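Asks: Residue numbers (the numbering used here): 396 to 958. Before I ask anything, let me first share the structure, which is written out below as structure tokens.
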RNA sequence: UGGGUAGUCGCCAAGUGGUAAGGCAACGGGUUUUGGUUCCGUCAUCCGUAGGUUCGAAUCCUGCCUACCCAGCCA
């Protein structure tokens, strides 16, 4: 399904990071490019991570280098095996493979510890007894320098002894920390003697209870990159401030490789939120039904919704990579799925909101099987046969008693084509006592079988339909944006991001589908003719398939009708 | 207010001194048994702003404005 659309597309991928890599290759600084995707296993991956994954693995692929998957697991209090499994699944699903290069920062705990002792021996790190609050208080502010810790000038021997006893579990959490000795007056606040190690009596998902001291991100990340010989360490903009510290550790230690950190802007998508904290909150507060709720911007959610890996990769290519903060239109993502699915999803007829039609001049017990192409964009998709008889359903919104200007669907005495079937003309409108339309009486033209007429008369409107006696019942889940505004983070004073939650982000309806959909399997994707693209949800049961709407078709009539 | 970044079409984004790519969206039109697809066309005399250098600047220099990030023993 994917290969076909992949080859007729050639997005020229050029960005400032690739330019740097090109220069490094040309100058001979590097001969092989190694990148890495370094998630912390404390939550599910989202579309923002997909951007990073496509960037890192994409570069490795294009430069014939390699991209490592490395779990940044230095804070056991937040990390779980469940997350590492979901992350691996999502990266694979997106179409990338790290091969042998699966790593964990925790693999380097011993090496990192040895490096720390070396820093102590070189007089570049010390054991501090200040409490967390005291450290904060002596750090200074954005405009004022901090003050030196009273423990800053301990002897190397004492520092070493204390550090070893920290590791041995002799002290309580928070009683001691290992700090780099840099500069309490640095305008880079992260350089004001940052904490390198803290004591935590917490079980680690991989190292168990082997360690009770854990290294901090700034200390761990640069050295992990170095150990793996990463050439270009790509991260998001908020780490720009940390780069001096990244370089400091690399330069103070006798490392073989000195990776270069390069920062790019993280992805923001309109009508959704992207922070792990907020996504976790949506899950915990049951606003959505779990991490893979189809409204979530998580990879798992998008997969369940029906987005294809190809469409997400294409999206990542199209949004580009730069240093300016930005918010991408959700429209672009929708364009990418439609483009993929238009080529690859078979067409099928489903009447979302059924209105019964009785064809008065059609024989009572006759059933015909009409041939229908599965995908006009792909002749290889073949044909199928759809039953047709006297009673059928059409879409309720395809009929209007008082037709507006430019309306070319059904209305009293007008003629339309039933896709793949016949021309019908509306003769009578049946209503209940409240005036609601309950049924339409129509006639059909037996000469128009297949949807053509010999006299070549123009029938502008074409409706989809299903045969009443053969239709199957299906549940349809119509999804819309989780939020009603492009930027949910802009809220009135005193409100939080939930202020803009869309109360109509999910609508479940019962519909009638053509019988072929009985065979649909979980994850199958279809275009419901004239409606949109839908994917079979895993909540389906044999008696009742459940479809998620991935995205609607472009609807220029809806636009016209608004005028 | 210290430091770090960024400001090119409604939204992304190329461009790196030689006179504004491309995509999405939008708009107009042709084709069409999906008001889908597809096709054709329109869409920045102008690059946050004010000066300066230059034959020539979005690209170099200076000032100013705006936005984002940094004061976790989170990442």
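Note that beta-carbon positions come from the ideal geometry of N, C-alpha and C, so glycine has one too. The structure presented is a predicted model; accordingly, all values stated were derived computationally and were not measured.
1. When you compare the CB positions of residue 743 and residue 921, do they come within less than 8 Å of one another, or not?
2. Pairs of beta-carbons, one from the segment 480-497 and one from the segment 514-533, closer than 8 Å: are there three or more?
3. Which word fits residue 693, buried or exposed, when buried means at least 16 other C-beta atoms lie within 10 angstroms of its C-beta?
4. The alpha helix (DSSP H) that contains residue 510, what's its start and end?
5. Give the secondary structure of residue 678 by DSSP, where H, G and I count as helix, E and B as strand, and everything else as coil.
6. Could you compute how far the alpha carbon of residue 788 sits from the alpha carbon of residue 679?
7. Return the chain-ordered list of same chain residues with a C-beta closer than 7 Å to the C-beta of residue 451, the five sequence neighbours on each side being excluded.
8. DSSP three-state label for residue 833, please.
9. With a cut-off of 8 Å on the beta carbons, I'd call residue 473 and residue 437 a contact; round off their distance for me.
10. Span of the beta strand (DSSP E) holding residue 810?
11. Looking only at C-alpha atoms, which of 957, 930 and 937 sits nearest to residue 944?
12. When we look at the beta-carbon of residue 780 and count the other beta-carbons within 10 Å, is it buried (16 or more) or exposed?
13. Note down, in chain order, each residue of its chain lying with its Cβ closer than 7 Å to the Cβ of residue 410, except the 5 sequence neighbours on either side.
14. Cα-Cα, which of 560, 722, 728 and 699 is closest to residue 712?
15. Excluding the 5 residues preceding and the 5 following residue 703 in the sequence, name in chain order all residues of the same chain whose CB lies nearer than 6 Å to its CB.
16. For residue 654 and residue 580, what's the separation of their Cα atoms in angstroms?
17. Would residue 990 be called buried (16 or more neighbouring beta carbons within 10 Å of its own) or exposed?
18. Any idea if residue 907 is buried or exposed, counting beta-carbon neighbours within 10 angstroms, 16 or more meaning buried?
19. Where in the segment 541-586 do unbroken runs of the alpha helix (DSSP H), each at least 4 residues long, occur, reported from the N-terminal end onward?
20. Grab the span of the beta strand (DSSP E) containing residue 439 for me, first residue to last.
21. Please state whether DSSP places residue 591 in a helix, a strand or coil.
22. Could you tell me if residue 722 is buried or exposed, where buried requires 16 or more neighbouring beta carbons within 10 angstroms of its beta carbon?
23. What distance in whole Å lies between the Cβ atoms of residue 747 and residue 773, which are believed to be in contact at a cut-off of 8 Å?
24. Taking residue 509 as the reference, give the member of 916, 952 and 648 with the closest Cα.
25. Mind checking which residues open and close the beta strand (DSSP E) that includes residue 749?
26. Can you find at least 3 beta carbon pairs, one from the segment 612-621 and one from the segment 660-675, that sit closer than 8 Å?
27. Have a look at residue 941 and residue 820 and give me their C-alpha separation to the nearest angstrom.
28. Grab me the residues of residue 632's own chain with a C-beta within less than 8 Å of its C-beta, minus the 5 sequence neighbours each way, in chain order.
29. First and last residue of the beta strand (DSSP E) that includes residue 824?
30. Does residue 453 come out as helix, strand or coil in the three-state DSSP assignment?
31. The beta strand (DSSP E) with residue 520 in it runs from where to where?
32. For the segment 891-901 against the segment 911-926, do three or more pairs of beta-carbon atoms, one drawn from each stretch, fall closer than 8 Å, so that the two count as touching?
33. Once you ignore the five residues that flank residue 405 on each side, which residues in its own chain have a CB closer than 8 Å to its CB?
34. Check the DSSP bridge columns for residue 867 and list the partner residues they point to.
35. Less than 8 Å between C-beta atoms, sequence neighbours within five positions excluded: which residues of the same chain meet that for residue 645?
36. Let me confirm a value: residue 926 is counted as buried when at least 16 other C-beta atoms fall within 10 Å, else exposed. Which label applies?
Replies: Taking the geometry as given:
1. Position 348 of the first chain holds residue 743. Position 526 of the first chain holds residue 921. A contact, by the Cβ cut-off of 8 Å.
2. no
3. As a position in the first chain, residue 693 is number 298, starting the count at 1. Classification of residue 693: buried, given that the 10 Å Cβ count is 16 or more.
4. Along the first chain, read from residue 1 onward, the residue named residue 510 stands at position 115. 504-516 is the span of the alpha helix (DSSP H), which, as asked, contains residue 510.
5. Taking the first chain and counting its residues from 1, one reaches residue 678 at position 283. Residue 678 falls in the helix class under three-state DSSP.
6. Indexing the first chain from 1 puts residue 788 at position 393. Indexing the first chain from 1 puts residue 679 at position 284. Looking at the two C-alpha atoms, the distance is approximately 41 Å.
7. For the purposes of this step, residue 451 is taken as residue 56 along the first chain, with counting starting at 1. So the qualifying residues of the chain are 430, 431, 432, 462 and 629.
8. Within the first chain, numbered from 1, the residue matching residue 833 stands at position 438. In the structure shown, residue 833 sits in a strand (DSSP, three-state: E or B).
9. Locating residue 473 in the first chain gives position 78, counting from the first residue. Locating residue 437 in the first chain gives position 42, counting from the first residue. About 4 Å; that satisfies the 8 Å criterion.
10. The residue labelled residue 810 in the question sits at position 415 within the first chain. Its beta strand (DSSP E) spans residues 810-813.
11. Here residue 944 corresponds to residue number 549 of the first chain, with the count starting at 1. Of the candidates 957, 930 and 937, the one whose C-alpha sits nearest the C-alpha of residue 944 is 930.
12. In the first chain, residue 780 corresponds to position 385, counting from 1. The residue in question, residue 780, is exposed, as its Cβ has fewer than 16 Cβ neighbours within 10 Å.
13. Counted from its first residue, the first chain places residue 410 at position 15. Here the set comprises 715, 716 and 717.
14. By one-based count along the first chain, residue 712 stands at place 317. Closest by alpha carbon: 728.
15. Taking the first chain and counting its residues from 1, one reaches residue 703 at position 308. Once the five neighbours on either side are set aside, the close Cβ partners of residue 703 are 735.
16. The sequence position of residue 654 within the first chain is 259, counting from 1. The sequence position of residue 580 within the first chain is 185, counting from 1. In a straight line, the C-alpha of residue 654 is about 27 Å away from that of residue 580.
17. Here the chain covers residues 396 to 958 and nothing more, so residue 990 does not appear.
18. Counted from its first residue, the first chain places residue 907 at position 512. Buried, since its Cβ has 16 or more Cβ neighbours within 10 Å.
19. 551-562
20. Locating residue 439 in the first chain gives position 44, where the first residue counts as 1. Unbroken run through residue 439: none, as it is neither H nor E.
21. The sequence position of residue 591 within the first chain is 196, counting from 1. DSSP places residue 591 in strand when its eight states are reduced to three.
22. Walking along the first chain from the start, residue 722 turns up at place 327. Answer is exposed; the Cβ neighbour count stays below 16.
23. Looking up residue 773 in the first chain gives position 378. Looking up residue 747 in the first chain gives position 352. About 25 Å separates the two Cβ atoms, so there is no contact after all.
24. To locate residue 509, count along the first chain from 1; it is residue 114. Comparing Cα-Cα distances from residue 509 to each of 916, 952 and 648, the minimum goes to 648.
25. The sequence position of residue 749 within the first chain is 354, counting from 1. First-last of the beta strand (DSSP E) with residue 749: 749-754.
26. no
27. Here residue 941 refers to the residue found at position 546 of the first chain. Here residue 820 refers to the residue found at position 425 of the first chain. About 33 Å.
28. The residue given as residue 632 occupies position 237 in the first chain. So the list reads 658, 659, 660, 661, 718 and 720, once near-sequence residues are dropped.
29. Looking up residue 824 in the first chain gives position 429. 818-826 is the span of the beta strand (DSSP E), which, as asked, contains residue 824.
30. As a first step, residue 453 is located in the first chain; it is residue number 58 there, counting from the start. Of the three classes helix, strand and coil, the one that applies to residue 453 here is helix, per DSSP.
31. As a working note, residue 520 is residue 125 in the first chain. Its beta strand (DSSP E) spans residues 520-523.
32. no
33. Indexing the first chain from 1 puts residue 405 at position 10. Bear in mind that a pLDDT of 45 at residue 405, under 50, signals an unreliable position, so the number given afterwards is only what the model happens to contain. Around residue 405: no qualifying Cβ.
34. What you label residue 867 is simply residue 472 of the first chain in a count that begins at 1. Beta-bridge pairing links residue 867 to 908.
35. On the first chain, residue 645 is found 250 positions in, with the first residue counted as 1. So the qualifying residues of the chain are 617, 618, 621, 653 and 654.
36. What you label residue 926 is simply residue 531 of the first chain in a count that begins at 1. Its Cβ being crowded by 16 or more others within 10 Å, residue 926 is buried.
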